[in-house]
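Numbering (this note's numbering), first residue to last: 570 to 1146. Positions of the beta carbon are idealized from the N, C-alpha and C atoms, including for glycine. Accompanying notes for the structure given below.
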C-alpha cells in the first residue's frame, strides 16, 4: 500500500506562486505558529487530569480548508503528524467540507475510523476539530490531540496486555460533540458513562473544545486583517516553501537503496521476537520508505496504525533535515510510505494498539540505521525507547483513587556532533518530567530517589546520554502497577564504532530478600502490596564513534560529574590516571 502526501496547493500545484508579499507572509506564518502554541498552552492550563497539566500530553495544529497542515505547537511529535491524517479521514468519510457550520466540534479517538488505520493512534487520544470561516467560506480548522486519563478498558490508567481494540476502551467515531455552538448532551453522556472519572473527563473535554474555539477566533482575525484571498495565497506559499526546502535537503542525500532491520523482543502478550524491515530509496529530491517484510500484526498491544507509522516516519525526516523548515504539508510532499496492510506498521481492525509507541520508537531507530549508511553525519545512535509507568491506587486517608502516569525519561543517543542528552523523554514522545511533588499529591506514592545512572550512556567519541535510577514506595491500597521498558533486553545500540548504552529494567523491593526483577518489560500489569518499593533503571543512549578517541578533557569532566566511573574511564576510554 502506497501512501503519498500528494495534495497539491490550491493554485498552481507544488510549484506554488511567488507573488505574495514577503512581509505579509512572515506575519501570517508567525501568527499561525503563535496560535498553535496558544491552543496547546490553554489546554495545559485548563486541563484537570495529571497527564495533561503535568505531563503536557497534548498537541495543537492548524490546517487550511483542504486539511493541509499550516502550523503546529512544539509538543508531542507522534500526535502532531497524525492530526492531519485524521482530519482527511473525517472530511472524506464522515463530514465533507459543506457539512461544517460555525461552532461545530468533531471529536474522535477511533484508530480505525473510516475503515482504515488513518486516524487517532489509540483510544486515550481524543482529537477535536473546530472549523474556521471567513464570511461563509470554510477556510481552515484548528485541532487538538489530547491524551485523556480514562476512556474505559480493562484497568484505569492503562490498557495492559489487550489483544484486540475492544479491550482498550470506548471507540468514538468522528461525531459532532458541538453543533453550531450547542453541546450534544446525549453524546457527552455516552462518553462520560464509559469512564471511571466522568468529572475529570468532562472538564478536560470542555477545555479541549474551548482551546480550539479560541484558536479559531484568532485565526479568523488574520483573515479579517489581510483578506481571504491574500491569506489563502500565503497558505499556498508557506506549503510551497517547505516543500522546496525539504526537497533540497533530500537531494543532498546520495541516491541509492538502503536497507535496515530492527527486532522487538516482546509484544506485551508474552510473545516475540518480531522483525521490522525497511528499504529506503533515495532518488533525486524524493524518498521512499518501504516497510515490506515487516512481521504481521499480532495479538498484543504494540501494533501501529498506519497513521502512527506515517507520523514516526515524518518525524525522522524532520530530524535529519534543516530544523528551521516550518513543518507544513509541504514537508511530506517528497515522501512516499509503503506499509503492508495487516502488518505491525499498518495494523487493521481488530488489532490492539495502545502500546503502538513501541513500534514507533523502533521505526525511528530503523530509519536512523538506514540513514547512517547514506549520511552518517545526519544520523544518531539509539535512544532509550518507550518507557512508561502508571500507578493506580486509592489514597489510604481518603479512599479517593489516585493515578500517576509518567513517560519515564532515559538517555538520548549521541550524534556525530554532540553527546546524547541525559534523562529525557525521547523522539516521538517528548513529554516533560513531572515534578515529584505533583506526583506525590496526585497518587499515593513517596519518592525515595531520582538520580543519574552512572555508566549507563554508551561509550563513544560522543557519549550516549545517561539514564536514571528512579525509586518510589507505593502507599495506596491494593495498588495496580503498569510498566513498559522497551530497551531492557536489547539495549540502545551505538553507531559508527560507539558502544551500546545499558539496558536497565524494573524491580520490586530491590536489595531486599523479596527482590524480583519484572520478567516482561512491555505493557505488563502487576498487582503490588502497600509499602512495596518500585525501582526503575532506565536505559542510557548509545555512543557515537570510537571511545578511545574521545577528548581526554571530556572524559575527565565526565568522571568529575560522576557520569562515568573511574573503572569505565580506564576500560572503555583508555583513560590514564
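Three-state secondary structure (DSSP) of residue i
i: residue 700; result: strand
i: residue 1145; result: coil
i: residue 667; result: helix
i: residue 883; result: helix
i: residue 1096; result: strand
i: residue 967; result: coil
i: residue 682; result: helix
i: residue 651; result: helix
i: residue 1127; result: helix
i: residue 752; result: strand
i: residue 1087; result: coil
i: residue 1030; result: coil
i: residue 828; result: strand
i: residue 862; result: coil
i: residue 599; result: helix
i: residue 724; result: strand
i: residue 572; result: The predicted position of residue 572 is uncertain, since its pLDDT is 47 and thus under 50; a value taken from the coordinates is nonetheless stated next. Note: residue 572 maps to strand in three-state DSSP.
Distance CB(residue i)-CB(residue j) smaller than 7 Å
i: residue 743; j: residue 659; result: yes
i: residue 939; j: residue 827; result: yes
i: residue 1158; j: residue 711; result: Here the chain covers residues 570 to 1146 and nothing more, so residue 1158 does not appear.
i: residue 810; j: residue 701; result: no
i: residue 1067; j: residue 1113; result: yes
i: residue 690; j: residue 770; result: no
i: residue 676; j: residue 759; result: no
i: residue 852; j: residue 824; result: yes
i: residue 792; j: residue 686; result: no
i: residue 1036; j: residue 1022; result: yes
i: residue 1003; j: residue 993; result: no
i: residue 678; j: residue 695; result: yes
i: residue 863; j: residue 914; result: yes
i: residue 900; j: residue 926; result: no
i: residue 850; j: residue 861; result: no
i: residue 898; j: residue 775; result: no
i: residue 1050; j: residue 933; result: no
i: residue 1074; j: residue 1110; result: no
i: residue 816; j: residue 903; result: yes
i: residue 780; j: residue 713; result: yes
Whole-angstrom distance between residue j and residue i, CA atom to CA atom
i: residue 568; j: residue 829; result: No answer is possible for residue 568: it lies beyond the span of the chain, which begins at 570 and ends at 1146.
i: residue 1106; j: residue 1020; result: 10 Å
i: residue 603; j: residue 609; result: 10 Å
i: residue 674; j: residue 697; result: 7 Å
i: residue 1040; j: residue 1102; result: 7 Å
i: residue 785; j: residue 1144; result: 59 Å
i: residue 1096; j: residue 1117; result: 46 Å
i: residue 801; j: residue 749; result: 24 Å
i: residue 581; j: residue 794; result: Because residue 581 carries a pLDDT of 38, less than 50, the predicted location of this residue cannot be relied on, and no value is offered for it.
i: residue 1136; j: residue 1028; result: 13 Å
i: residue 1062; j: residue 647; result: 22 Å
i: residue 936; j: residue 890; result: 13 Å
i: residue 806; j: residue 599; result: 14 Å
i: residue 1044; j: residue 636; result: 48 Å
i: residue 968; j: residue 1011; result: 13 Å
i: residue 1115; j: residue 1031; result: 8 Å
i: residue 766; j: residue 616; result: 14 Å
i: residue 896; j: residue 606; result: 14 Å
i: residue 621; j: residue 973; result: 11 Å
i: residue 761; j: residue 859; result: 41 Å
i: residue 949; j: residue 821; result: 18 Å
i: residue 919; j: residue 1059; result: 29 Å
i: residue 1048; j: residue 796; result: 58 Å
Beta-ladder partner(s) of residue i, from DSSP
i: residue 1019; result: 1039
i: residue 633; result: 709
i: residue 996; result: Paired residues: none, contrary to the question.
i: residue 627; result: 715
i: residue 744; result: 676
i: residue 694; result: 716
i: residue 1053; result: 957
i: residue 1044; result: Answer by DSSP bridge pairing: none, since residue 1044 is not bridged.
Cβ separation of residue i and residue j, assumed to be a contact under 8 Å, to the nearest whole Å
i: residue 681; j: residue 734; result: 7 Å
i: residue 976; j: residue 953; result: Not really, about 11 Å apart at Cβ, beyond 8 Å.
i: residue 1133; j: residue 1024; result: 6 Å
i: residue 928; j: residue 983; result: 24 Å between Cβ atoms; not a contact.
i: residue 628; j: residue 618; result: With 8 Å as the limit, residue 628 and residue 618 do not qualify as a contact, their Cβ atoms being about 16 Å apart.
i: residue 869; j: residue 921; result: 7 Å
i: residue 996; j: residue 884; result: 7 Å
i: residue 1017; j: residue 1042; result: 6 Å
Residue i Cβ short of 6 Å to the ligand GDP heavy atom set
i: residue 598; result: You won't find the ligand GDP in this model; it holds no ligand whatsoever.
Below-7 Å beta-carbon distance, residue i vs any chain D residue
i: residue 732; result: Among the chains of the structure shown, chain D does not appear; only one protein chain is present.
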